[in-house]
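By the count of our numbering, the sequence shown reaches residue 936 at its end, each step adding exactly one. From the three backbone atoms N, C-alpha and C, an ideal C-beta is built for every residue, glycine too. Accompanying notes for the structure given below.
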Amino acid sequence: MISTVLTLPCGVTLNNRLVKSAMTERISNRKYEPTKGHQQLYEDWALTGAGLLITGNVVIDRTHLESAGNVCFDDDKMLPKLKSWAASGKKLGNHIWVQISHSGRQTNRFGTARPLAPSEVQLKKLGLFGKPKAMTEQDIQNVIKGFTKAAKLAKEAGFTGVQIHAAHGYLLSQFLSPNTNFRTDHWGGSLENRSRLLITIIREVRKIVVADFPISVKLNSADFQRGGFSEEDSLEVVKMLDQEKIDLLEISGGTYEKLAFFLMNEEGSELKESTKQREAYFIDFAKKIRAVSKLPLMITGGFRSYDFCNEVLSNGEVDLIGMARPFITNREDISSFLKGELSHLNNLVLRTGLKQFEDAAEGGFYARQLIRFSKGKGLKTNMNPLWCSMFLVLYEFRKAMAKKLS
Ligand SMILES: Cc1cc2nc3c(=O)[nH]c(=O)nc-3n(C[C@H](O)[C@H](O)[C@H](O)COP(=O)(O)O)c2cc1C
């Protein structure tokens, strides 16, 4: 099953069912443009043979980066560089889609002291995030225009699709969650109002890219926080998405406050035991989605074995398999995995032994590998976990300083 083609509602066909999910690259130049490093990364990933490569999140607003080194899709002048990036990801007839995002309150202080968000609900994490300003109607209209402009640029540059990032606690996910959206206008309150920004963006993007260009949405199954975006909310949003012209729904979960998307199989995670036993984090939720939606479905998080991937594809539980970390730790093995010559992709897990540092260490470890790959270097397995846990904060600080001094 994993090596069979899939035709999407817009008519476009993917060569197989394996997808590299988004991983933020952090390697733009100081003008927020892509670099030769992006080409290096995506040429190598194209050679894995995966049918679809989804880029790390690119942002629509330079003042709202998810990470230092994000590319910002806001300027026609960068088209030649965007074209080179797009071309690098299609070497084996792969698709390459751009994940478009706005970080909202999850923009760190190094970038913006007072980020924009639906409401003034501050993210409390190591003092790294400033108190947000509630967005005005004009701010919201600018965000809609920003997503539309980014999608237009992506298509002009030769990317073969876009993904609208409405998961992981970024701006669109903040609008969806009752914990972060206290608005009393038509962008807040009922779930229909909280979904309005996402739905409006999908419609505006569809107008600009027209009918035959894939649009995907990445959505949380839940935020895993009391009072937050719940599974019930998520299913209702899926029903709304089902009425829209989209081509792929990707399911993940969690926010910066609860990093479910890569520490899900850890002790104390919110997952039911039955799900833990089934390798992929959100697979139980897939069944519920299938009951309310006909959209092509991809689940990301935890997939590692050939038999399990084929089982859930054959059962019709999902249409595509989303994987991220194996595209770092097992890059060279993925083409054999796709052919069924390798049964497992065992990604490395880095542990500091200190609970409060684990997610930072994991994030730092993978970020450092991506930066290495972008320079043509290989995987480095023996990294110091404590240094990895500090890496990202120092990286943000160093890049912000370099920007101020330039
Ligand atoms: C280094 C790194 C960067 C990531 N960046 C993004 C991102 O830009 N956008 C996104 O939606 N998810 C991002 N993720 C989450 C992955 O897409 C994926 O959901 C998660 O790693 C779980 O899948 P896996 O178990 O196959 O790694 C990132 C994960 C890693 C490890």
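- About 16 Å separates the CB atoms of E888 and R898; that is not less than 8 Å, and the two are not in contact.
- Around the beta-carbon of M853, 16 or more other beta-carbon atoms lie within 10 Å, marking it buried.
- A contact between stretches requires three or more CB pairs, one per stretch, nearer than 8 Å, and the stretch 747–763 meets this requirement with the stretch 776–790.
- Cα atoms of E650 and Y811: separation of roughly 31 Å, rounded to the nearest angstrom.
- Fully contained in the stretch 680–753 are the following alpha helix (DSSP H) runs of length 4 or more, in chain order: 701–706, 721–724, 726–739.
- The Cβ atoms of E847 and I901 do not sit closer than 8 Å to each other.
- For the pair C540 and D742, the CB atoms are nearer than the 8 Å cut-off.
- Ranked by Cα distance from G699, the options K611, K818, N709 are led by N709.
- For M608, the closest C-alpha among the options I532, G870, A687, G676 is that of A687.
- Relative to ligand 1, even the nearest heavy atom lies 7 Å or more away from the CB of T637.
- In the DSSP assignment, C602 forms a beta bridge with V589.
- Secondary structure within the stretch 828–870: the beta strand (DSSP E) runs of 3 or more consecutive residues, fully enclosed, are 850–853 (chain order).
- Its chain contains I674, T678 as the residues whose beta carbon lies nearer than 6 Å to that of E734, once the 5 sequence neighbours on both sides are disregarded; these appear in chain order.
- With a beta-carbon spacing of about 6 Å, R635 and Q704 fall inside the 8 Å limit used to define contacts.
- Bounds of any beta strand (DSSP E) do not take in V822; it lies within the alpha helix (DSSP H) bounded by 813–822.
- Between ligand 1 and the CB of Y786, the shortest heavy atom gap is not smaller than 7 Å.
- With fewer than 16 other CB atoms across the displayed protein chains lying within 10 angstroms of its CB, V822 is exposed.
- Classified as buried, T830 has 16 or more neighbouring CB atoms from the shown chains inside 10 Å of its CB.
- Per DSSP, reduced to three states, the secondary structure at Q773 is coil, with no helix or strand assignment.
- In the three-state reduction of the DSSP assignment, V542 falls in the coil class.
- Taking a C-beta distance under 8 Å as the contact criterion, S631 and H695 qualify as a contact pair.
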